[in-house]
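Each remark here refers to the structure printed beneath this line.
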Amino acid sequence: MTIIDDDDESIEAMMLLELESAVANRVPRQRCRTRPFTGHQMLCDILSGHPERCCHHFRVSATTFIALRDALVEKGLISSTRNMTADEQLGIFLYGVGHGVANRILAETFQHSGETISRHFNNVLRGIVRLKDDYIMLPSSNAAVHLRIRHNQNFHPFKNAIGAIDGTHIPVVVKRRWEGSAADMRVLRWACERGGFVVPEGKYYLVDSGYANTEKFLAPYRGERYHISQFDASTRARVHRNPRDLYNHRHAQLRNVVERTFGILKKRFKILNVATPFSYKVQCLIAMACCIIHNFIRRHQANDNIFPDEGPDEQNAENEGGVDDLVGVIEDSQNGEDLRANITNQLWNTRI
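As numbered in numbering that gives the first Met the number 0, the sequence shown has no gaps in its residue numbers, which increase by one up to the final residue, 351.
Below, the structure written as structure tokens:
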């Protein structure tokens, strides 16, 4: 045996010892998700259990959950795959937007990888957004007078009102030049100039004092009471001081619906209250999807006891900066003044 052969054998022996040591000290690979039940099994258990469980987990009743799944499947917007049913895909999305939780929490809850969760979340998001034409419809010029206005003398002078507009804060990662918080007026101006928002001829929306008063966007009088609590029926404050005071009260009572709706949306969908890592485009789609689901529930779920039709009783009238920028951009302000004065006179002359 040569010296070289002895060296080779020594090296081989050392390598074998190192390998044996590595094998002996190897930490066994541990599975990450080891629950005894799958996400699909959990979903089935919730859907077939107490009604409150489904509302708590997925923010809708079990029957509404099934109806939404059917609507998406029948239109070919989602479908079951080899590893995940359409039910579980929808459950992942509703749980995510309902509780505003991170991807890793969804992965643990439904026992899937983060990549699988992300893929199906985005797929369901795109599917729900494609329902927008069925569940988000702006009123037309032929829109009937709302029942609350038609059958109530206190509100009838507002017969051409087709809705209420306001802004609410949703934490998002925004594009350049939109950093910070954007005034409601600025958002409305963008919608009218670039977003394709059009008000039908002869109709108008009710807005707060953060907007310019125009023929198509009717605002309250400044310098008068406007908050609902200031017209408390249990005190003498209920007595209207003058025509403008009466107008502001009736205006606030009607416009309050948008405040309540924002309150319900944010209570039901916690994702609207937290900043998310999604892209700006996806964040916008999530907000739209929440509105679509809200309207779907209103149409298919008669009783919504978990999230009743309630919200803030006061309007935020503190967003008053820069309203003059809208005058002449959206509509002639003088036409708005004439319209508001006419409604004010009708309310005062027919008050009970």
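Note that the Cβ used here is the ideal one computed from N, Cα and C, for glycine as well.
Other residues of its chain near Ile-164: CB distance less than 6 Å, five sequence neighbours each side excluded: Tyr-204, Val-206
Tyr-220, DSSP secondary structure in three states: In this structure, Tyr-220 counts as coil in the three-state DSSP scheme.
Spatial distance of Val-328 from Leu-245 (CA atoms): Residue confidence is low: Val-328 scores 47 on pLDDT, short of 50, so the model does not pin down where it sits. Its coordinate-derived value is still stated next. Rounded to whole angstroms, Val-328 to Leu-245 spans 29 Å at the Cα level.
Outcome for Val-173 when other beta-carbon atoms lying within 10 angstroms are tallied against a minimum of 16: exposed
Distance, Leu-42 Cα to Gly-75 Cα: 22 Å
Nearest-angstrom Cα separation, counted from His-55 out to Asp-44: 13 Å
Euclidean distance between Cα positions of Gly-48 and Gly-90: Taking the CA atoms as reference points, Gly-48 sits about 15 Å from Gly-90.
Boundaries of the beta strand (DSSP E) in which Leu-130 is found, first to last residue: Leu-130 -> no beta strand (DSSP E), and no H or E assigned at all.
With 16 other Cβ atoms within 10 Å as the buried cut-off, status of Thr-349: exposed
Contacts around Ser-140, its chain only, beta-carbon distance under 8 Å, and the 5 residues preceding and following it disregarded: Pro-199, Glu-200, Gly-201, Lys-202
Backbone CA spacing between Asn-341 and Arg-224 [nearest angstrom]: 19 Å
Unbroken alpha helix (DSSP H) run spanning Leu-365, endpoints: Summary: the structure shown does not reach residue 365, with the chain confined to residues 0 through 351, and so no result is reported for it.
Inside the region 137–193 only - beta strand (DSSP E) runs reaching at least 3 residues: 160–163
Cutoff 6 Å; reference Thr-254; Cβ partners in own chain excluding five residues on either side: Reading off the sequence shown, one finds Arg at residue 254, where the question assumed Thr. Excluding positions up to five away in sequence, the list reads Ala-163, Leu-205.
Nearest candidate by alpha-carbon position, reference Leu-264, set Val-238, Ile-169, Ala-181, Leu-346: Ile-169
Segment limits, alpha helix (DSSP H) that includes Tyr-204: In this chain, Tyr-204 is not harboured by any alpha helix (DSSP H); it is covered by the beta strand (DSSP E) spanning 203–205.
Identity of the residue in Glu-51, Arg-52, Ile-127, Glu-214 nearest Ser-78 by Cα: Ile-127
Pairwise C-alpha distance: Ile-148 and Cys-191: 26 Å
Between the CA atoms of Lys-131 and Asp-303 - distance to the nearest angstrom: Roughly 21 Å between the two C-alpha positions.
Distance CB(Leu-67)-CB(Phe-268) smaller than 8 Å: no
Distance between beta carbons of Gly-335 and Glu-258, contact taken as under 8 Å: No, Glu-258 and Gly-335 are not in contact; Cβ-Cβ is about 22 Å, not under 8 Å.
Same chain only: Cβ atoms within 6 Å of Thr-37, ignoring 5 sequence neighbours per side: Gln-110
Top-ranked residue by Cα proximity to Gln-252, from Ala-182, Ile-227, Asp-231: Ile-227
Ile-116 burial status per 10 Å Cβ neighbour count (16 or more: buried): buried
Met-287 - containing alpha helix (DSSP H), residue span: That run of the alpha helix (DSSP H) goes 279–299.
Cβ pair Leu-18, Val-59 closer than 8 Å: no
Residue burial classification, Pro-242 (beta-carbon count within 10 angstroms, cutoff 16): buried
Euclidean distance between Cα positions of Arg-240 and Asn-153: Their Cα atoms are separated by approximately 16 Å.
Extent of the continuous alpha helix (DSSP H) run through Met-41: 38–46
Status (buried if at least 16 other CB within 10 Å, exposed otherwise) for Leu-16: By the 16-neighbour rule on beta-carbons within 10 angstroms, Leu-16 is exposed.
Residue environment, Leu-146, which counts as buried when at least 16 other CB atoms sit within 10 Å: exposed
Gly-113 classed as buried or exposed, judged by whether at least 16 other C-beta atoms fall within 10 angstroms: exposed
Cβ pair His-250, Phe-230 closer than 8 Å: no
Straight-line Cα distance separating Gly-194 from His-119: 29 Å
Option nearest Arg-188 by Cα separation, candidates Val-171, Ile-292, Tyr-210, Ile-291: Selected option, being the one with the closest Cα: Tyr-210.
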